[in-house]
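2 protein chains.
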Amino acid sequence: MDSIVQILKQNNLSVTEGRRKILSLFLNSNGALAHADIEKNTHSHFDRVTVYRTLQSFVDKGIIHTIPTSDNSIKYALCKDECGEGHHHDHHVHLVCTRCGNTFCLDNVVTPTVKLPRDYTIQQVEVVVKGICKACNNQ
Amino acid sequence: MDSIVQILKQNNLSVTEGRRKILSLFLNSNGALAHADIEKNTHSHFDRVTVYRTLQSFVDKGIIHTIPTSDNSIKYALCKDECGEGHHHDHHVHLVCTRCGNTFCLDNVVTPTVKLPRDYTIQQVEVVVKGICKACNNQ
DNA sequence: AAATATTTGCAACAATGTTTCTTTTTTTAT
DNA sequence: ATAAAAAAAGAAACATTGTTGCAAATATTT
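So the protein sequences, as listed, match chains U and V. Going from the first sequence to this note's numbering is simple: count from 1 and add 843. Going from the second sequence to this note's numbering is simple: count from 1 and add 843.
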């Protein structure tokens, strides 16, 4: 069985054309995708609402996660295995390439420990690095 | 001379009612503000466009900086002295309180060093911590 | 293959952000 | 202090992004 179908079934999502297509976009992209990227890649074959709902359900199931940005466009990227429904473990660093504009999850870079004063409680740490990605640096 | 007027003049911005008011909101708020917060605090006394333009000019001049979020609402906070026109040095950590919803710049917490593989270049590191702020923890 | 459950697409709406142009306000120079 | 020049504000129109309710279509279960 197709690994795309497998992922959907494992997460109790019915297998529909839209979900298959959108999930495959994530699997075949090494960078993060925004709603607009998906619209573009599918040539708006799916209703905008469907795309929003699909992304939301993928987030809910822990298949993808959101990446914070400063430019009012939520980006989404595949989660690694440790993520599941209701709990995300995104202990990796995100890189926004200022040359090509793509966003990547640096899965091998561990989020550094942040130490806050005693009267704060840490729940989650997000690190977004702006810089130049591998591909852009090597060209 | 009023410190608000002083800041505006130092940055070659003409002193208008809107800019004075919006800058004072930042000076009197310990957390970050979003466009909507400013609208609320000014009772929409200024045109929406004016607020957008004012925020943009403050960012351009290095008076405030944006904070990345995952929820499509750009937050702005005052910059410390090291920031100037064209270059921001936001080497501090941002805390989003999951209880009160406010966002704070933790100016005394130093951004941890992130080490990337050799073929990446780091330009800026943003750290956003989700957790509980001081005030919420002490109540 | 039929019944049930789920998802999709559509329409309408709400919020957020941008652009152009005219009027008003601020600054500069006299 | 005032007139000229420069800058900013406001208004209108538009673009983009995201949400909700509902009927039609598709997927799953039996």
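For each residue, glycine too, the CB sits at the ideal point set by N, CA and C. These numbers were taken from a predicted model, which means no experiment stands behind them.
{"Check": "Continuous alpha helix (DSSP H) assignments of at least 4 residues falling wholly in the segment 870 to 898 of chain U", "Outcome": "878 to 884"}
{"Check": "Beta bridge counterpart(s) of V/ILE847 as assigned by DSSP", "Outcome": "DSSP output for V/ILE847 lists no bridge partner at all."}
{"Check": "Beta-carbon proximity of U/ILE965 to V/VAL972, cut-off 8 Å", "Outcome": "yes"}
{"Check": "Spatially closest choice to V/LYS918 from U/HIS937, U/CYS922, U/ILE907, U/PRO911, by CA coordinates", "Outcome": "U/PRO911"}
{"Check": "Candidates U/VAL892, U/LEU856, U/ASN945, of which the one nearest U/SER872 by Cα", "Outcome": "U/ASN945"}
{"Check": "U/ASP962 at chain V interface by Cβ criterion, 8 Å", "Outcome": "yes"}
{"Check": "Within-8 Å CB hit, V/LYS973 to chain U", "Outcome": "yes"}
{"Check": "At least three beta-carbon pairs within less than 8 Å, the segment 954 to 970 of chain U to the segment 880 to 896 of chain U", "Outcome": "no"}
{"Check": "Proximity test, Cβ basis, 8 Å: V/CYS976 and chain U", "Outcome": "yes"}
{"Check": "Below-8 Å beta-carbon distance, V/VAL892 vs any chain U residue", "Outcome": "no"}
{"Check": "C-beta atoms of U/ALA920 and U/ILE906 nearer than 8 Å", "Outcome": "no"}
{"Check": "Member of V/HIS888, V/ASP962, V/SER900, V/VAL970 whose CA lies at the smallest distance from the CA of U/GLN984", "Outcome": "This structure cannot speak to residue 984 of chain U, because chain U is shown only from 844 to 982."}
{"Check": "Endpoints, the beta strand (DSSP E) within which U/CYS979 is located", "Outcome": "No beta strand (DSSP E) contains U/CYS979, which is instead part of the alpha helix (DSSP H) from 977 to 980."}
{"Check": "Contact with chain V by U/SER900, beta-carbon distance below 8 Å", "Outcome": "no"}
{"Check": "Inter-residue spacing [alpha-carbon to alpha-carbon] between U/ASP880 and U/ASN951", "Outcome": "25 Å"}
{"Check": "Same chain, Cβ closer than 7 Å to V/VAL936, five either side skipped, listed in chain order", "Outcome": "LEU949, VAL952, THR954, VAL970, VAL972"}
{"Check": "Selection from U/GLN967, U/LYS852, U/LYS864, U/LEU938 that minimises the alpha carbon distance to V/ILE975", "Outcome": "U/GLN967"}
{"Check": "Residue of U/ASN855, U/SER887, U/GLN853 minimising C-alpha distance to U/ILE865", "Outcome": "U/SER887"}
{"Check": "Contact with chain V by U/GLN982, beta-carbon distance below 8 Å", "Outcome": "no"}
{"Check": "Cutoff 6 Å; reference V/GLY861; Cβ partners in own chain excluding five residues on either side", "Outcome": "PHE889, THR893, THR897"}
{"Check": "Boundaries (first-last residue) of the beta strand (DSSP E) holding V/CYS940", "Outcome": "935 to 940"}
{"Check": "Residue-chain proximity (V/ASN809, chain U), Cβ-Cβ < 8 Å", "Outcome": "What is shown of chain V runs 844 to 982, which leaves residue 809 of chain V out entirely."}
{"Check": "Opening and closing residue of the beta strand (DSSP E) in which V/TYR963 lies", "Outcome": "Element bounds for V/TYR963: n/a, residue is neither H nor E."}
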